[in-house]
(Lines of atoms letter the chains of each structure in order from A and count residues from 1; the text may use other names and numbers.)
(Lines give C-alpha, C1' and ligand atoms only; values in the text may rest on other atoms or scores of the structure.)
Protein backbone atom coordinates (compact mmCIF):
# COMPACT_ATOMS: atom_id res chain seq x y z
CA UNK A 1 0.00 0.00 0.00
CA UNK A 2 1.30 3.38 -0.98
CA UNK A 3 0.42 6.65 0.76
CA UNK A 4 2.57 9.03 -1.28
CA UNK A 5 1.39 11.93 -3.41
CA UNK A 6 -1.13 13.47 -1.04
CA UNK A 7 -4.11 15.09 -2.76
CA UNK A 8 -4.13 18.89 -2.59
CA UNK A 9 -7.19 19.65 -4.71
CA UNK A 10 -9.59 22.09 -3.02
CA UNK A 11 -13.24 22.91 -3.69
CA UNK A 12 -12.08 26.23 -5.19
CA UNK A 13 -9.82 24.31 -7.60
CA UNK A 14 -12.84 22.25 -8.65
CA UNK A 15 -14.86 25.41 -9.25
CA UNK A 16 -12.07 26.86 -11.37
CA UNK A 17 -11.92 23.70 -13.47
CA UNK A 18 -15.66 24.02 -14.20
CA UNK A 19 -15.25 27.70 -15.13
CA UNK A 20 -12.52 26.63 -17.55
CA UNK A 21 -14.90 24.01 -18.96
CA UNK A 22 -17.57 26.67 -19.56
CA UNK A 23 -15.05 28.68 -21.59
CA UNK A 24 -13.87 25.59 -23.47
CA UNK A 25 -17.45 24.70 -24.44
CA UNK A 26 -18.12 28.34 -25.38
CA UNK A 27 -21.06 28.59 -22.99
CA UNK A 28 -22.40 31.66 -21.25
CA UNK A 29 -23.26 29.67 -18.14
CA UNK A 30 -23.75 26.19 -16.76
CA UNK A 31 -27.01 25.29 -15.01
CA UNK A 32 -26.74 22.45 -12.51
CA UNK A 33 -29.93 20.70 -11.42
CA UNK A 34 -30.01 18.96 -8.04
CA UNK A 35 -32.96 16.68 -7.32
CA UNK A 36 -32.52 16.50 -3.54
CA UNK A 37 -31.41 12.86 -3.64
CA UNK A 38 -28.22 12.09 -1.73
CA UNK A 39 -27.21 8.47 -2.21
CA UNK A 40 -24.01 6.47 -2.38
CA UNK A 41 -24.52 5.46 -6.01
CA UNK A 42 -26.11 8.60 -7.51
CA UNK A 43 -24.60 11.85 -8.77
CA UNK A 44 -25.79 15.23 -7.54
CA UNK A 45 -24.09 18.14 -9.36
CA UNK A 46 -25.24 20.86 -6.95
CA UNK A 47 -23.87 18.99 -3.93
CA UNK A 48 -20.72 18.15 -5.89
CA UNK A 49 -19.87 21.72 -6.89
CA UNK A 50 -20.86 23.76 -3.85
CA UNK A 51 -21.51 21.25 -1.07
CA UNK A 52 -25.18 22.20 -0.75
CA UNK A 53 -27.32 19.12 -0.09
CA UNK A 54 -30.82 20.41 -0.62
CA UNK A 55 -33.92 18.73 0.76
CA UNK A 56 -35.79 19.32 -2.49
CA UNK A 57 -34.92 20.45 -6.02
CA UNK A 58 -32.30 23.20 -6.30
CA UNK A 59 -30.48 24.80 -9.22
CA UNK A 60 -27.11 26.49 -9.53
CA UNK A 61 -26.21 28.87 -12.36
CA UNK A 62 -22.46 29.24 -12.79
CA UNK A 63 -21.46 32.14 -15.03
CA UNK A 64 -18.28 32.38 -17.13
CA UNK A 65 -17.21 35.11 -14.70
CA UNK A 66 -17.39 32.71 -11.76
CA UNK A 67 -20.56 34.22 -10.31
CA UNK A 68 -22.74 31.55 -8.67
CA UNK A 69 -26.50 31.99 -8.38
CA UNK A 70 -28.89 29.71 -6.48
CA UNK A 71 -32.55 28.89 -7.01
CA UNK A 72 -34.10 26.82 -4.23
CA UNK A 73 -37.25 26.44 -2.17
CA UNK A 74 -38.04 29.19 0.31
CA UNK A 75 -38.30 26.44 2.93
CA UNK A 76 -34.52 26.03 2.77
CA UNK A 77 -33.61 29.61 3.69
CA UNK A 78 -31.78 28.59 6.87
CA UNK A 79 -29.83 25.84 5.08
CA UNK A 80 -28.32 28.21 2.49
CA UNK A 81 -27.72 31.18 4.77
CA UNK A 82 -23.95 30.77 5.08
CA UNK A 83 -23.02 29.23 1.74
CA UNK A 84 -21.79 32.42 0.09
CA UNK A 85 -23.66 32.46 -3.22
CA UNK A 86 -23.42 35.59 -5.36
CA UNK A 87 -27.21 35.74 -5.26
CA UNK A 88 -30.07 33.60 -4.00
CA UNK A 89 -33.62 33.19 -5.21
CA UNK A 90 -35.69 31.39 -2.59
CA UNK A 91 -38.98 30.65 -4.21
CA UNK A 92 -42.43 29.49 -3.13
CA UNK A 93 -43.11 28.46 -6.74
CA UNK A 94 -39.77 27.30 -8.10
CA UNK A 95 -41.04 26.33 -11.55
CA UNK A 96 -42.48 29.81 -12.08
CA UNK A 97 -39.09 31.41 -11.45
CA UNK A 98 -37.06 29.17 -13.75
CA UNK A 99 -37.11 31.39 -16.81
CA UNK A 100 -35.81 34.50 -15.09
CA UNK A 101 -33.22 32.46 -13.19
CA UNK A 102 -31.80 30.59 -16.19
CA UNK A 103 -31.73 33.63 -18.47
CA UNK A 104 -30.72 33.74 -22.11
CA UNK A 105 -27.62 32.85 -24.09
CA UNK A 106 -25.80 29.58 -24.69
CA UNK A 107 -26.45 27.41 -21.67
CA UNK A 108 -25.16 23.96 -20.74
CA UNK A 109 -27.18 21.64 -18.50
CA UNK A 110 -26.06 19.09 -15.91
CA UNK A 111 -28.46 16.78 -14.04
CA UNK A 112 -31.48 17.15 -16.31
CA UNK A 113 -31.92 13.39 -16.78
CA UNK A 114 -32.19 12.86 -13.01
CA UNK A 115 -34.64 15.70 -12.34
CA UNK A 116 -38.28 15.07 -11.51
CA UNK A 117 -40.38 15.11 -14.69
CA UNK A 118 -42.22 18.43 -14.02
CA UNK A 119 -38.91 20.18 -13.31
CA UNK A 120 -37.19 18.63 -16.32
CA UNK A 121 -40.03 19.69 -18.61
CA UNK A 122 -40.02 23.22 -17.18
CA UNK A 123 -36.26 23.54 -17.75
CA UNK A 124 -36.58 22.27 -21.31
CA UNK A 125 -39.34 24.78 -21.99
CA UNK A 126 -36.98 27.70 -21.33
CA UNK A 127 -33.61 26.40 -22.56
CA UNK A 128 -32.46 24.12 -25.37
CA UNK A 129 -28.86 23.95 -24.22
CA UNK A 130 -26.71 20.83 -24.51
CA UNK A 131 -26.48 18.31 -21.68
CA UNK A 132 -22.82 18.20 -20.65
CA UNK A 133 -22.89 15.81 -17.69
CA UNK A 134 -20.00 13.68 -18.95
CA UNK A 135 -17.73 16.68 -19.49
CA UNK A 136 -18.67 18.12 -16.08
CA UNK A 137 -17.94 14.93 -14.16
CA UNK A 138 -14.78 14.22 -16.15
CA UNK A 139 -13.48 17.68 -15.22
CA UNK A 140 -14.29 17.13 -11.53
CA UNK A 141 -13.57 13.42 -11.07
CA UNK A 142 -10.96 13.72 -8.31
CA UNK A 143 -12.02 14.19 -4.70
CA UNK A 144 -10.99 17.33 -2.84
CA UNK A 145 -8.93 17.35 0.34
CA UNK A 146 -12.15 18.08 2.24
CA UNK A 147 -13.94 15.10 0.72
CA UNK A 148 -11.03 12.76 1.35
CA UNK A 149 -10.82 13.90 4.96
CA UNK A 150 -14.53 13.13 5.31
CA UNK A 151 -14.02 9.75 3.59
CA UNK A 152 -11.24 8.86 6.04
CA UNK A 153 -13.45 9.74 8.98
CA UNK A 154 -16.35 7.78 7.47
CA UNK A 155 -14.10 4.75 6.93
CA UNK A 156 -13.00 4.89 10.56
CA UNK A 157 -16.68 4.95 11.55
CA UNK A 158 -17.41 1.99 9.26
CA UNK A 159 -14.65 -0.04 10.88
CA UNK A 160 -15.83 0.90 14.35
CA UNK A 161 -19.36 -0.07 13.32
CA UNK A 162 -18.10 -3.44 12.14
CA UNK A 163 -16.24 -4.05 15.41
CA UNK A 164 -19.44 -3.15 17.27
CA UNK A 165 -21.39 -5.61 15.09
CA UNK A 166 -19.00 -8.47 15.93
CA UNK A 167 -19.39 -7.75 19.62
CA UNK A 168 -23.14 -7.17 19.59
CA UNK A 169 -24.46 -9.96 17.35
CA UNK A 170 -26.28 -12.79 19.11
CA UNK A 171 -27.89 -16.00 17.91
CA UNK A 172 -31.66 -15.59 17.96
CA UNK A 173 -31.44 -11.87 17.20
CA UNK A 174 -33.32 -10.62 14.16
CA UNK A 175 -31.23 -9.29 11.27
CA UNK A 176 -33.18 -6.03 11.26
CA UNK A 177 -32.56 -5.42 14.96
CA UNK A 178 -28.82 -5.89 14.49
CA UNK A 179 -28.88 -3.54 11.50
CA UNK A 180 -30.66 -0.84 13.51
CA UNK A 181 -28.16 -1.11 16.36
CA UNK A 182 -25.16 -0.84 14.03
CA UNK A 183 -26.68 2.11 12.19
CA UNK A 184 -27.42 3.95 15.42
CA UNK A 185 -23.91 3.28 16.69
CA UNK A 186 -22.34 4.71 13.52
CA UNK A 187 -24.62 7.74 13.83
CA UNK A 188 -23.40 8.23 17.39
CA UNK A 189 -19.82 8.37 16.05
CA UNK A 190 -20.65 11.18 13.63
CA UNK A 191 -22.11 9.60 10.50
CA UNK A 192 -24.71 11.93 8.99
CA UNK A 193 -26.19 9.09 6.93
CA UNK A 194 -25.68 5.37 6.42
CA UNK A 195 -26.50 2.83 3.73
CA UNK A 196 -26.38 -0.62 5.33
CA UNK A 197 -26.98 -4.02 3.78
CA UNK A 198 -26.95 -6.96 6.20
CA UNK A 199 -28.37 -10.45 5.92
CA UNK A 200 -27.66 -13.92 7.22
CA UNK A 201 -28.11 -17.53 6.21
CA UNK A 202 -26.20 -20.79 5.85
CA UNK A 203 -25.92 -20.18 2.10
CA UNK A 204 -26.93 -17.05 0.19
CA UNK A 205 -27.18 -15.84 -3.38
CA UNK A 206 -26.47 -12.15 -2.70
CA UNK A 207 -26.32 -9.47 -0.03
CA UNK A 208 -29.80 -8.19 0.74
CA UNK A 209 -31.60 -5.70 2.99
CA UNK A 210 -32.18 -7.00 6.50
CA UNK A 211 -35.28 -9.03 7.27
CA UNK A 212 -36.96 -10.33 10.43
CA UNK A 213 -35.14 -13.65 10.08
CA UNK A 214 -33.39 -14.71 13.28
CA UNK A 215 -29.65 -15.30 13.20
CA UNK A 216 -28.64 -18.93 13.70
CA UNK A 217 -25.47 -20.86 14.42
CA UNK A 218 -23.79 -21.79 11.16
CA UNK A 219 -24.98 -18.67 9.33
CA UNK A 220 -22.77 -16.53 7.17
CA UNK A 221 -23.50 -12.89 7.90
CA UNK A 222 -22.94 -10.60 4.91
CA UNK A 223 -22.63 -6.89 5.55
CA UNK A 224 -21.95 -3.76 3.54
CA UNK A 225 -21.37 -0.80 5.87
CA UNK A 226 -21.54 2.56 4.09
CA UNK A 227 -21.60 5.57 6.42
CA UNK A 228 -21.40 9.16 5.23
CA UNK A 229 -19.58 12.08 6.85
CA UNK A 230 -20.38 15.60 5.61
CA UNK A 231 -22.14 14.01 2.65
CA UNK A 232 -19.19 11.85 1.54
CA UNK A 233 -19.89 8.12 1.58
CA UNK A 234 -17.41 5.32 2.04
CA UNK A 235 -17.89 1.56 2.32
CA UNK A 236 -16.44 -1.68 3.62
CA UNK A 237 -17.71 -5.18 2.77
CA UNK A 238 -17.32 -8.05 5.23
CA UNK A 239 -18.29 -11.70 5.83
CA UNK A 240 -18.80 -13.17 9.31
CA UNK A 241 -19.30 -16.80 10.33
CA UNK A 242 -21.72 -17.17 13.26
CA UNK A 243 -20.57 -19.65 15.87
CA UNK A 244 -17.93 -21.33 13.71
CA UNK A 245 -16.88 -21.28 10.07
CA UNK A 246 -17.41 -24.26 7.82
CA UNK A 247 -14.06 -25.66 6.58
CA UNK A 248 -15.03 -24.97 2.96
CA UNK A 249 -15.68 -21.31 3.80
CA UNK A 250 -12.32 -21.02 5.54
CA UNK A 251 -10.71 -22.53 2.44
CA UNK A 252 -12.47 -20.43 -0.19
CA UNK A 253 -12.84 -17.00 1.39
CA UNK A 254 -9.10 -16.16 1.07
CA UNK A 255 -9.51 -16.56 -2.71
CA UNK A 256 -11.76 -13.49 -2.76
CA UNK A 257 -9.35 -11.50 -0.60
CA UNK A 258 -6.39 -12.42 -2.82
CA UNK A 259 -8.36 -11.42 -5.93
CA UNK A 260 -9.28 -8.10 -4.31
CA UNK A 261 -5.64 -7.27 -3.59
CA UNK A 262 -4.70 -8.30 -7.12
CA UNK A 263 -7.18 -5.77 -8.46
CA UNK A 264 -6.10 -3.03 -6.06
CA UNK A 265 -2.47 -3.56 -7.05
CA UNK A 266 -3.35 -2.30 -10.55
CA UNK A 267 -4.50 1.10 -9.26
CA UNK A 268 -2.26 3.98 -10.32
CA UNK A 269 -2.63 7.18 -12.37
CA UNK A 270 -3.19 6.42 -16.03
CA UNK A 271 -4.39 2.85 -15.43
CA UNK A 272 -7.68 1.85 -17.01
CA UNK A 273 -10.34 1.17 -14.38
CA UNK A 274 -11.63 -1.79 -16.39
CA UNK A 275 -8.25 -3.46 -15.93
CA UNK A 276 -8.74 -3.43 -12.14
CA UNK A 277 -11.88 -5.50 -12.70
CA UNK A 278 -10.14 -7.73 -15.25
CA UNK A 279 -7.34 -8.50 -12.77
CA UNK A 280 -9.92 -9.69 -10.23
CA UNK A 281 -11.80 -11.73 -12.82
CA UNK A 282 -8.61 -13.32 -14.15
CA UNK A 283 -7.40 -14.18 -10.67
CA UNK A 284 -10.60 -16.07 -9.86
CA UNK A 285 -10.83 -17.59 -13.33
CA UNK A 286 -7.37 -19.10 -12.93
CA UNK A 287 -8.67 -20.83 -9.81
CA UNK A 288 -11.54 -22.44 -11.69
CA UNK A 289 -14.27 -19.84 -11.31
CA UNK A 290 -14.42 -18.30 -14.79
CA UNK A 291 -18.08 -19.23 -15.13
CA UNK A 292 -18.91 -17.33 -11.94
CA UNK A 293 -16.87 -14.25 -12.82
CA UNK A 294 -19.36 -12.91 -15.35
CA UNK A 295 -23.12 -12.13 -15.44
CA UNK A 296 -25.49 -13.30 -14.07
CA UNK A 297 -23.21 -14.09 -11.13
CA UNK A 298 -21.31 -10.80 -11.10
CA UNK A 299 -22.01 -7.34 -12.55
CA UNK A 300 -19.21 -5.18 -11.19
CA UNK A 301 -16.23 -5.37 -8.83
CA UNK A 302 -16.74 -2.00 -7.18
CA UNK A 303 -18.04 1.50 -7.79
CA UNK A 304 -17.49 5.18 -7.19
CA UNK A 305 -18.51 6.70 -3.88
CA UNK A 306 -21.00 9.62 -3.77
CA UNK A 307 -22.86 11.65 -2.88
CA UNK A 308 -21.84 14.41 -5.18
CA UNK A 309 -19.97 12.53 -7.88
CA UNK A 310 -19.70 8.77 -8.33
CA UNK A 311 -16.64 9.11 -10.60
CA UNK A 312 -14.79 7.07 -11.75
CA UNK A 313 -17.88 4.87 -12.03
CA UNK A 314 -18.30 1.11 -11.85
CA UNK A 315 -15.30 -1.19 -11.56
CA UNK A 316 -16.37 -3.18 -14.62
CA UNK A 317 -14.41 -4.56 -17.55
CA UNK A 318 -16.02 -2.14 -20.00
CA UNK A 319 -15.13 1.04 -18.05
CA UNK A 320 -12.41 2.81 -20.02
CA UNK A 321 -11.93 5.62 -17.48
CA UNK A 322 -8.26 6.35 -16.87
CA UNK A 323 -7.48 6.72 -13.20
CA UNK A 324 -6.09 9.97 -11.85
CA UNK A 325 -4.79 11.07 -8.50
CA UNK A 326 -7.58 11.74 -6.03
CA UNK A 327 -10.15 9.34 -7.46
CA UNK A 328 -11.94 7.42 -4.69
CA UNK A 329 -13.78 4.17 -5.29
CA UNK A 330 -14.66 0.78 -3.85
CA UNK A 331 -12.96 -2.45 -4.88
CA UNK A 332 -15.12 -5.41 -3.81
CA UNK A 333 -14.89 -8.79 -5.54
CA UNK A 334 -18.09 -9.94 -3.83
CA UNK A 335 -18.63 -13.33 -5.35
CA UNK A 336 -20.89 -16.35 -5.56
CA UNK A 337 -18.95 -19.61 -5.36
CA UNK A 338 -20.80 -22.91 -5.89
CA UNK A 339 -19.25 -24.45 -2.77
CA UNK A 340 -20.14 -21.62 -0.38
CA UNK A 341 -22.75 -19.35 -1.90
CA UNK A 342 -22.19 -15.58 -1.89
CA UNK A 343 -19.40 -13.99 0.18
CA UNK A 344 -18.15 -10.42 0.51
CA UNK A 345 -14.95 -8.45 0.92
CA UNK A 346 -14.10 -4.92 -0.13
CA UNK A 347 -12.18 -1.74 0.67
CA UNK A 348 -12.30 1.96 -0.27
CA UNK A 349 -9.26 2.93 -2.36
CA UNK A 350 -7.75 6.30 -3.33
CA UNK A 351 -5.55 6.64 -6.40
CA UNK A 352 -2.38 8.46 -5.31
CA UNK A 353 0.43 10.06 -7.30
CA UNK A 354 2.23 6.77 -7.90
CA UNK A 355 -0.16 4.07 -6.73
CA UNK A 356 -2.93 3.64 -4.23
CA UNK A 357 -4.00 4.00 -0.63
CA UNK A 358 -6.50 1.71 1.10
CA UNK A 359 -8.47 3.86 3.54
CA UNK A 360 -9.44 1.05 5.90
CA UNK A 361 -6.90 0.26 8.61
CA UNK A 362 -7.71 -3.45 8.74
CA UNK A 363 -8.61 -5.11 5.46
CA UNK A 364 -11.03 -7.97 4.84
CA UNK A 365 -10.57 -11.31 6.57
CA UNK A 366 -13.14 -13.94 7.48
CA UNK A 367 -14.41 -13.18 10.99
CA UNK A 368 -16.00 -15.57 13.45
CA UNK A 369 -18.54 -14.22 15.93
CA UNK A 370 -19.45 -16.53 18.81
CA UNK A 371 -22.87 -14.91 19.01
CA UNK A 372 -23.62 -16.06 22.55
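In my numbering, the protein residues as written are 373 to 744. Beta carbons: idealized from backbone N, C-alpha and C, even for Gly.
- DSSP, reduced to helix, strand and coil, places residue 480 within a strand of the structure shown.
- Within its own chain, the residues whose Cβ lies closer than 8 Å to the Cβ of residue 562, once the five positions on either side in sequence are excluded, are 525, 529, 601, listed in chain order.
- At a Cβ-Cβ threshold of 9 Å, residue 419 and residue 717 do not count as neighbours.
- Looking at the backbone, the Cα of residue 560 and that of residue 581 are separated by about 22 Å.
- In this structure, the straight-line span from the alpha carbon of residue 683 to that of residue 614 is close to 36 Å.
- In this structure the region 471 to 485 touches the region 410 to 425; the number of beta carbon pairs closer than 8 Å is three or more.
- Here residue 576 has 592, 594, 713, 714 as same chain residues with Cβ atoms under 8 Å from its own Cβ, once five neighbours each way along the sequence are excluded.
- In the DSSP annotation of this structure, residue 503 is not part of any beta strand (DSSP E), being labelled neither H nor E.
- Secondary structure of residue 667 (DSSP, three-state): coil.
- Taking C-beta separations shorter than 7 Å and ignoring five residues to either side along the sequence, the partners of residue 538 in its chain run 612, 739, 741, following chain order.
- Going by DSSP, residue 587 is part of no alpha helix (DSSP H) at all; its letter is neither H nor E.
- If you look at residue 474, you'll find it in the alpha helix (DSSP H) that goes 470 to 474.
- A contact is defined here as three or more CB-CB pairs under 8 Å, and the region 485 to 492 fails this definition with respect to the region 650 to 660.
- In the DSSP assignment, the residues bridged to residue 444 are 430, 462.
- Per DSSP, the continuous beta strand (DSSP E) segment holding residue 610 begins and ends at 608 to 614.
- Of all alpha-carbon atoms in 435, 383, 473, the one lying nearest the alpha-carbon of residue 463 is that of 473.
- In this structure, the beta-carbon distance from residue 513 to residue 674 does not fall below 9 Å.
- DSSP places residue 409 in the coil class of the three-state scheme, outside both helix and strand.
- Ranking 542, 565, 570 by CA distance to the CA of residue 551 puts 570 first.
- For residue 566, no alpha helix (DSSP H) run applies; the uninterrupted beta strand (DSSP E) run containing it begins and ends at 565 to 573, by DSSP.
- In this structure, the alpha-carbon of residue 662 lies about 13 Å from that of residue 627.
- Using a Cβ-Cβ distance cut-off of 8 Å, the region 441 to 452 and the region 514 to 523 are not in contact, since fewer than three pairs of beta carbons, one from each stretch, lie closer than that value.
- Under the three-state reduction of DSSP, residue 702 is assigned to strand.
- Here the C-alpha atom of residue 704 lies approximately 9 Å from the C-alpha atom of residue 649.
- The closest CA to that of residue 410, considering only 469, 556, 567, is found on 567.
- Residue 408 is a Cβ neighbour of residue 427, given a cutoff of 9 Å.
- A direct Cα-Cα distance of roughly 19 Å separates residue 597 from residue 625.
- Here residue 683 carries a coil assignment [DSSP, helix/strand/coil].
- Taking the Cα of residue 710 as reference, the smallest distance to any Cα among 384, 606, 518, 578 is reached at 578.
- Separation of residue 722 and residue 468 (C-alpha to C-alpha, rounded to the nearest whole angstrom) is 43 Å.
- In the structure shown, the three-state DSSP call for residue 401 is strand.
- Here residue 553 carries a helix assignment [DSSP, helix/strand/coil].
- Residue 720 is not a Cβ neighbour of residue 694, given a cutoff of 9 Å.
- Taking the Cα of residue 573 as reference, the smallest distance to any Cα among 587, 688, 689 is reached at 587.
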